[in-house]
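Q: One structure coming up, written as structure tokens, with questions to follow.
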Amino acid sequence: MPDLRADFHREMDEVRNLVGRLGAIVIDLIPRVTDILLDQNLEDAEFVLQGDEEVDARTLDIEDRAIRLIALQAPVAGDLRQIASSLKISADMERSADLCCNICKAARRMYGHTIDPKLRGIIQKMAAQAVKEYQEALDAYLSLDPVRAAALDDVDGYLDDLHRQFLAQILESQSNESIDLQVAVQLVLVGRFYERLGDHAVNLAQRVRYIVTGSNPEHEVLDRYRSRQAAADQGVND
Numbered sequence: 043m044p045d046l047r048a049d050f051h052r053e054m055d056e057v058r059n060l061v062g063r064l065g066a067i068v069i070d071l072i073p074r075v076t077d078i079l080l081d082q083n084l085e086d087a088e089f090v091l092q093g094d095e096e097v098d099a100r101t102l103d104i105e106d107r108a109i110r111l112i113a114l115q116a117p118v119a120g121d122l123r124q125i126a127s128s129l130k131i132s133a134d135m136e137r138s139a140d141l142c143c144n145i146c147k148a149a150r151r152m153y154g155h156t157i158d159p160k161l162r163g164i165i166q167k168m169a170a171q172a173v174k175e176y177q178e179a180l181d182a183y184l185s186l187d188p189v190r191a192a193a194l195d196d197v198d199g200y201l202d203d204l205h206r207q208f209l210a211q212i213l214e215s216q217s218n219e220s221i222d223l224q225v226a227v228q229l230v231l232v233g234r235f236y237e238r239l240g241d242h243a244v245n246l247a248q249r250v251r252y253i254v255t256g257s258n259p260e261h262e263v264l265d266r267y268r269s270r271q272a273a274a275d276q277g278v279n280d
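The opening residue of the sequence shown carries number 43 in the working numbering; numbering runs sequentially from there.
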């Protein structure tokens with residue numbers, strides 16, 4: 043007779059490994075699309091955009107496997123949190139890949155325009171920080187290390203600071219008329235894309251804490267909402 047629990051945990055490990063591979067794709071994409079942006083490499087941009095379909099397919103595969111495990115195995119406690127979290131994590135990773143594609147699209151729109159050296163330097167720093175955060179979050183997920191995951195909130199502050207510096211530099215360049223308005227608009231969007239990549243890394247880290255401990259900072263919002271609803275219902279009943 044087959045060991046059903048062993049099969050179940052093996053399938054759980056497969057889902058986690060698939061999520062890990064998806065995260066690795068995102069980590070590889072960030073420096074790649076940064077080079078595309080700075081070097082104005084339209085050929086590579088097209089390759090990245092065409093490859094986004096693979097990311098979508100991998101995300102759907104993870105979703106199908108996770109839903110099947112929930113339906114057929116009825117997991118509870120930590121197992122259920124891990125499988126359910128793979129749905130949200132893979133969706134965040136898919137959106138992260140979309141952000142990388144958006145950077146490629148911005149590169150196409152800015153083709154032929156020069157990017158100020160100061161702006162180039164901040165872009166490189168934002169990209170490096172986004173990679174660092176994503177790698178740290180992914181490592182925390184693969185090792186299910188909540189302590190490591192908890193550090194991401196503080197680390198992400200540096201990327202937020204870089205984003206603010208980037209916006210300030212764009213405004214300065216625009217006021218000096220050293221940057222085309224079309225380029226300035228696209229760079230504002232690019233800065234937001236890098237900042238959002240860091241946010242997705244933080245989301246991943248928060249999910250790790252939820253998997254291991256059952257606690258998630260996001261749930262504080264839900265708790266406050268429920269408290270307000272309960273108070274409102276009580277007021278109606280009174």
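In this text, a Cβ means the ideal position worked out from N, Cα and C, and glycines have one as well.
Where does N164 sit, in a helix, a strand or coil, going by DSSP?
A: Here residue 164 refers to the residue found at position 122 when the sequence shown is read from its first residue. Checking the sequence shown, residue 164 turns out to be Ile, not Asn. I164 falls in the helix class under three-state DSSP.
Q: Could you compute how far the alpha carbon of D49 sits from the alpha carbon of E105?
A: Position 7 of the sequence shown, counting from 1, holds the residue named residue 49. Position 63 of the sequence shown, counting from 1, holds the residue named residue 105. Using only the alpha carbons, I get a separation of about 18 Å.
Q: From which residue to which residue does the alpha helix (DSSP H) around T255 run?
A: Position 213 of the sequence shown, counting from 1, holds the residue named residue 255. That run of the alpha helix (DSSP H) goes L223 to T255.
Q: Measure how close the beta-carbons of A172 and L201 come, nearest whole angstrom, since I'm counting them as under 8 Å.
A: Along the sequence shown, one-based indexing puts residue 172 at 130. Along the sequence shown, one-based indexing puts residue 201 at 159. L201 and A172 do touch by the CB rule: their CB atoms are close to 6 Å apart, below 8 Å.
Q: Check whether the stretch 141-157 and the stretch 65-85 touch, using three or more Cβ-Cβ pairs below 8 Å as the test.
A: Judged by Cβ distances under 8 Å, the stretch 141-157 makes contact with the stretch 65-85, as three or more pairs qualify.
Q: Quick check on DSSP: helix, strand or coil for S220?
A: Against the sequence shown, residue 220 aligns to sequence position 178. In this structure, S220 counts as coil in the three-state DSSP scheme.
Q: Enumerate, from N- to C-terminal direction, the unbroken alpha helix (DSSP H) stretches of 4 or more residues contained entirely within the stretch 68-93.
A: none
Q: Buried or exposed: R110, going by 16 or more other Cβ atoms within 10 Å of its Cβ?
A: As a first step, residue 110 must be located in the sequence shown, where it is residue number 68. Burial call: exposed.
Q: Does the Cβ of L102 have 16 or more other Cβ atoms within 10 Å, making it buried, or fewer, making it exposed?
A: The residue labelled residue 102 in the question sits at position 60 within the sequence shown. L102 comes out exposed.
Q: Taking the continuous alpha helix (DSSP H) assigned at P188, which residues delimit it?
A: Along the sequence shown, read from residue 1 onward, the residue named residue 188 stands at position 146. Segment P188 to A192, the alpha helix (DSSP H) holding P188.
Q: Starting from the Cα of L180, find the closest Cα among D158, A116 and L246 and give me that residue.
A: By one-based count along the sequence shown, residue 180 stands at place 138. Among D158, A116 and L246, the Cα nearest to that of L180 is on L246.
Q: What does a CB cutoff of less than 6 Å around R107 pick up in its chain, not counting 5 residues either side in sequence?
A: On the sequence shown, position 65 is the one that residue 107 refers to. Around R107: V57.
Q: Which class does M152 belong to by DSSP, given the choice of helix, strand or coil?
A: In the sequence shown, counting from the first residue as 1, residue 152 sits at position 110. Of the three classes helix, strand and coil, the one that applies to M152 here is coil, per DSSP.
Q: Can you give the Cα-Cα distance for T156 and Q224, rounded to whole angstroms?
A: On the sequence shown, residue 156 is found 114 positions in, with the first residue counted as 1. On the sequence shown, residue 224 is found 182 positions in, with the first residue counted as 1. So the alpha carbons of these two residues sit roughly 12 Å apart.
Q: Please find out if some non-hydrogen atom of the ligand GTP comes closer than 7 Å to the beta-carbon of T76.
A: Among the components modelled here there is no ligand, and therefore nothing to report on the ligand GTP.
Q: Could you check the C-alpha separation between L141 and F89 for me, to the nearest Å?
A: In the sequence shown, the residue the question calls residue 141 occupies position 99. In the sequence shown, the residue the question calls residue 89 occupies position 47. Approximately 15 Å between the Cα atoms of the pair.
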